[in-house]
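Input: a single structure, listed below in structure tokens.
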Amino acid sequence: MKSWLILLGGFIVWTVHFFGLYLIAEFAPSATLVIALTILCIIADLWLLRWLRAMACSEAFAQWRRSVGMAGAVLSLLAVLWQGLPVMLA
Amino acid sequence: MRSETGFDPDLYQRFPTQEERPAEEEEELRRIWCAPHGWEYLTVVNNNYVGIFYLGTAFLFFLLAGVLALLMRVQLAAPLMEVLPQATYNQVFTMHGTVMMFLFAVPMVEAAGVLLLPQMLAARDLPFPRLSAYAFWAYAVGGLAFFASLFVGLAPDGGWFMYPPYTSKAYSPGINADFWLLGIGFIEISAIAGAIEIIVGVLRTRAPGMSLDKMPIFAWAMLVFAVMIIIAFPSVILATLLLEIERAFNWPFFDAARGGDPVLWQHLFWFFGHPEVYIIFLPAAGMMSMIVPTVAKAELVGYRLIVLAMIATGFISFGVWAHHMFTVGLPPMTTGFFSAASMAVSLPAGIQVFSWIATLAIGRPRFNAPGLFVLGSIVIFVTGGLTGVMVALVPFDWQAHDTYFIVAHLHYVLIGGMVFPLFAAMYYWIPMVSSRAMSERLAKWVFGLMFTGMNVAFMPMHLAGLMGMPRRVYTYLPGSGWDMLNLISTVGAFLFAFGVLLFLIDLARNFRMAPGGGNAGNVYGAGSLEWLPTELYSTRSIPVVKSREPLWDDPKISDNVEQGRYFLPRSATGLRETIVTSPLLAEPQYVQIMPGPSVWPLVAAIFTAFFFLALTVQAYMFGLASGVITVMAMLRWLSETDRPIAQDEVDIGAGIMVPTYMTGPRSHGWWAMVILMIVMAMISAMAMFGLAFLWSNQPTFWTPPALLGEGAPIALGYGLVVAAAVSSRWLHRIGNNWAVAPVLLAGLAAPLLTWLDIRMWSAVLAPDASGQGAAVFAILSLQGTVAAIGILFAAYLGWRALRGLITPTRNSTLDLACLFIGYCGAQGLVGTIFTRAVGA
Amino acid sequence: MSNSATLKAALGGWPPAVLDPAGPYAEPITRLAWALLLGGTAVLLIVLAALAVALWGKPALRKRLGGDRTIWIGGVVFPGVVLTALLVWGLWLTGSLQATAARAGEMRVRVTGEMWWWRVTYLGERGETVIRDANELHVPVGQPVLLELESADVLHSFWVPRLAGKMDMIPGRRNLLRIRAEQPGTYGGQCAEYCGGAHALMGFVVVAHTPESFARWRAERLAPPPPVSGRGPELFLASGCAGCHAIRGTPANGTAGPDLTHVGARRSLGAGILPNNRGTLAGWIADSQTIKPGNRMPNYKQFSPDDLNALAAYMESLK
């Protein structure tokens, strides 16, 4: 379980952000909600990066897993920022 | 992490074993995995055969849909041509898109998975061989029948995306649209069956030692592909069901005049439709990542970045669907973040392209057949990706949408991202299944014609779109200025077709099927496991994997494998076997006994096809009969599963003992059922989304729903069903044979709850009177369907229990029944509450 | 194809319409389009160059290209920067082009998509119908016009590329699109959402007038129609044409088909596909099914050449 959470962590954050935005826009449009969600998800991604960086990994598999997880968190961060832009710019 | 399951990795040091293997071992393997003769080709389940049948059928559909494209190009070569009259053209373009997307692209890559994955993972077969046989035959029979609708003028003409209201009964009164809805609807079942197999196969049947970070990229691609199918296909399955019900029973899901909404279809369709194109692209990209290292003679640069890119694509592609709907009138907040996500999804593709470039840079690339197609693919795909980024920007899309600019874009990404990798893959892997390789000399001509033809055909379309030419037009008028562009496109299309023709000639001259043994060998010098010496039983022994390119890193591995010096050099039980391993580190867990040839998947598949076709042509008696036969064939097939084996544990090599049977969450059957539950949950979730969407978009048609309080007893009932399923399983495990009873009763009771719910709702709403009514009754109908299958499950469970086939140590069937019936209760619980909560 | 009818496109020609804007709701899109086309071409050339170096470059260069760094820069950093800039531009432009609700005193026209023609209704201050027309839109130059886009049957899409992006027409919804023509002239368009049948032959024309010309046009449209008599009008009423068509000032008030009160003045026939003259009018009446298969008007082949001529002349006179 933990391995999958590490590998997919960044993308789970992205999923929560994206579908959260969609539900907000569809059922309860509000710029405040969008910005709050975006900030929360950015924090989650940053926390993920910190947690993974601090993780002690002695074997090849664990190191590989951590490195994929961190790259995923970086991509997720970029995507979350972009998705929050429309509201933050308006 | 040293071990995932408690297996001691030091045990791998015992391999390769040194003692001589007895000769009878190999002969016994050959006998158990015998080749079919005559009629036996229809009942074969071995992936070596099923994979080739599947690939051949998919390629046939490519050719058929390609011919349709040529007809379209002739018609459009000049203004006001009369080669295809209006109605015929509209059917032809619909079939071109539908056949390419549903009958060629997805089945082709799924088939590649069926054929290649077990070999790449050094497994003896896929985990559910009869399921793949069923999936193939259903697809082949159904697909050909669907295509035949063209010859009797009954082909659908609503475009491959079939937007209502045009495809509603009022504007499409004939059965053409029903052919699409029922025909394609059930082919989607085929895709899901394949996806279940691939997920379980990739995660649970890898060679010992092949941890996730050593898995071939194609396996990663197929894993993501299959998970995407599980999440995306239910959306289109639901949409096609709803439209068919609207046409047949007048339930107004998409009829704005009665509180439905045509835009609902678009959301449901594109939630599937966009991931669909990445479903098509990812396996092809996975193939590229296998072929590029071999062509470059260098290990893949950026392996973990490519894995990341695939996972990223898998997720983010679910967040871009509304970029197909930018002109529908969505609010700017919505279009804004769909535009952002559409930008984001291009990054993973770029990562993969640069990985390939970097790999080519550090190696010594050769311009052999696969090499040429790989290069062509990169050039064409990048072009298409760039126009994709352009249309991700909303204002530009407002001009380009629904014009030939999009036709150009989609063909660049699909031909560059899937067709060219496919041809590279065919040249590359045909030597694995044919006694002769293809012709390198002819390949250069094939490539030259296809590459040139493709660009000549599709580049001008960008300009035609900017000059105002819309899509899906059977002709255009003089004075538009589109004449020369279209003529050039037509010439290009024929050049491309000529290249394909040359390929077919080469195929006819050189392809000689050799599903096990006697193949042309590792012609291109690849490093992955599918190039080990194989027969119909796959490899003689299943190796321990220590790196990403085992054949490059261990020159002795082929010989050792052939001499039986690794796992399973024999059949331990006298039956077909493969090793089931753990998902992360691939540690051996148990031996899976696999089925041999069987006629039941074929029978079930044919009658499933007949069932859906009968409904289309409204031959209801015949449909009913076919449905009954299908269910009987499936029960007969199921009854052969979960049978006792003489040995409890066997030696799979070097004294390592594993069980021959597994129940509970570690069994492959459990995994398959859980995946199926996810599919059902997605269908249910989409139906609930539909209800919420109609409430939010058509509030004037809303009436107050049934009361939550009154629905509480039904919800409670469903809760008890879940409790019964959970308790049955737990009680039975601790030794109570009678504990089959609670779940059995729950399975029989669940439909009653649904019936009560329907009665309660009938007093409030009518399904044909409003979109709300239709959506609520759709949710109830889905529940009823699941519950009806639950009855079958309960009856089957009862039969097995009476035959004494369910004991505390052998209770896989009970496990699966508890999962299914428990799910039925959970879905009912959520549905009962949700339908009463929305708009209360 | 048919005899005297030679079809002619409403939309097309050189330069490409999307790159030849004629108003402020199209011009910024064209600028974006050029940036995208040139930028996209540049990126393609960069990638091709990288590929060329990877295949044929000097060993030192190739070695530098062959690492994770290439992937990060090419696949993440470079696109990240470029796409952020593009996204900001695109989002801002979307917001500024998005049609807001009608402003006070703004000209409003309702365009309803039908299979396979366009119903055009000019609205007054309170949303009441002032002028009925079909397949053509008349606007004054330099003034924004708000279009209310609806559909009477299936999905359609309104698209006049030189003036604005497209917007779909969806039954049960009203979509807004604002256009403004800066120069007098005719601007062609075509339906851009597959609507079955003769979707390919559903064209449109926007005519932009100078202020004086527009005032004249409006006066002509609002003026009471002159009385008519003769063989043409008689045949019109006797042959059931009034069942679908309306001509103001006569008993004909059918609404299923286009309003014909000023059909003689239209720039085209058949929804932007035929020139408008006595010959094409006659051809359409007699055999519209050959010109536009599946359209909702049946053929009227029963008229004698004289009668047909009279009808066509009557239509031609309705200016």
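Residue numbers (this note's numbering), protein chains in the order written: chain A, 427 to 516; chain B, 650 to 1489; chain C, 237 to 555.
Beta carbons: idealized from backbone N, C-alpha and C, even for Gly.
Cβ of residue i within 7 Å of any chain B Cβ
| i | result |
| --- | --- |
| arginine 503 of chain C | no |
| aspartate 404 of chain C | yes |
| leucine 274 of chain C | no |
| tryptophan 473 of chain A | no |
Cβ of residue i within 7 Å of any chain C Cβ
| i | result |
| --- | --- |
| methionine 514 of chain A | no |
| glycine 1033 of chain B | no |
| alanine 870 of chain B | no |
| leucine 431 of chain A | no |
| leucine 504 of chain A | yes |
| serine 1004 of chain B | yes |
| valine 1479 of chain B | no |
| threonine 854 of chain B | no |
| tryptophan 477 of chain A | no |
Straight-line gap, residue i to residue j (C-alpha atoms, nearest Å)
| i | j | result |
| --- | --- | --- |
| serine 393 of chain C | leucine 954 of chain B | 42 Å |
| serine 429 of chain A | phenylalanine 795 of chain B | 44 Å |
| asparagine 1017 of chain B | methionine 1075 of chain B | 13 Å |
| arginine 1315 of chain B | arginine 853 of chain B | 9 Å |
| phenylalanine 1145 of chain B | glycine 1020 of chain B | 19 Å |
| alanine 474 of chain C | glycine 978 of chain B | 44 Å |
| serine 240 of chain C | alanine 501 of chain C | Confidence at serine 240 of chain C is low in this model, with a pLDDT of 42, below 50, so its placement is unreliable and the value that follows should be read with caution. About 19 Å. |
| serine 238 of chain C | threonine 526 of chain C | With a pLDDT of 42 at serine 238 of chain C, under the threshold of 50, the modelled position of this residue cannot be trusted; read the value that follows with caution. Going from the Cα of serine 238 of chain C to the Cα of threonine 526 of chain C covers about 6 Å. |
| arginine 339 of chain C | proline 460 of chain C | 30 Å |
| arginine 492 of chain A | glycine 935 of chain B | 22 Å |
| glycine 792 of chain B | leucine 1431 of chain B | 25 Å |
Continuous beta strand (DSSP E) stretch holding residue i: start and end
| i | result |
| --- | --- |
| phenylalanine 440 of chain C | 439-445 |
| histidine 498 of chain C | Premise fails: histidine 498 of chain C is in no beta strand (DSSP E) and is neither H nor E. |
Below-7 Å beta-carbon distance, residue i vs any chain A residue
| i | result |
| --- | --- |
| leucine 327 of chain C | yes |
| glycine 401 of chain C | no |
| alanine 316 of chain C | The identity of residue 316 of chain C in the sequence shown is glycine, whereas the question assumes alanine. True, the Cβ-Cβ gap to chain A drops below 7 Å. |
| valine 1328 of chain B | no |
| leucine 1151 of chain B | no |
| threonine 983 of chain B | yes |
| serine 1345 of chain B | yes |
| alanine 804 of chain B | no |
Residue i classed as buried or exposed, judged by whether at least 16 other C-beta atoms fall within 10 angstroms
| i | result |
| --- | --- |
| phenylalanine 882 of chain B | buried |
| valine 944 of chain B | buried |
| alanine 286 of chain C | buried |
| valine 441 of chain C | buried |
| lysine 555 of chain C | exposed |
| proline 1353 of chain B | exposed |
| serine 524 of chain C | buried |
| serine 456 of chain A | exposed |
Start and end residues, alpha helix (DSSP H) containing residue i
| i | result |
| --- | --- |
| tyrosine 358 of chain C | Looking at the DSSP string, tyrosine 358 of chain C is not in any alpha helix (DSSP H); the run it does join, the beta strand (DSSP E), is 353-359. |
| glutamate 452 of chain A | 428-453 |
| arginine 416 of chain C | Where arginine 416 of chain C is concerned, there is no enclosing alpha helix (DSSP H), given that its DSSP letter is neither H nor E. |
| arginine 298 of chain C | 295-301 |
| serine 1207 of chain B | 1206-1211 |
| phenylalanine 394 of chain C | No alpha helix (DSSP H) contains phenylalanine 394 of chain C, which is instead part of the beta strand (DSSP E) from 392-394. |
| valine 1043 of chain B | 1043-1049 |
Answer yes if the region 1109-1118 of chain B comes into contact with the region 239-256 of chain C, meaning at least three C-beta pairs across the two stretches below 8 Å, and no otherwise.
-> yes
Validate contact between the region 1399-1417 of chain B and the region 891-900 of chain B using beta carbons, cut 8 Å, 3 pairs | yes
Are there three or more Cβ pairs, one per stretch, closer than 8 Å when the region 922-934 of chain B is compared with the region 858-876 of chain B?
-> yes
Report yes or no: do the region 677-697 of chain B and the region 1223-1231 of chain B share at least 3 C-beta pairs separated by less than 8 Å?
-> yes
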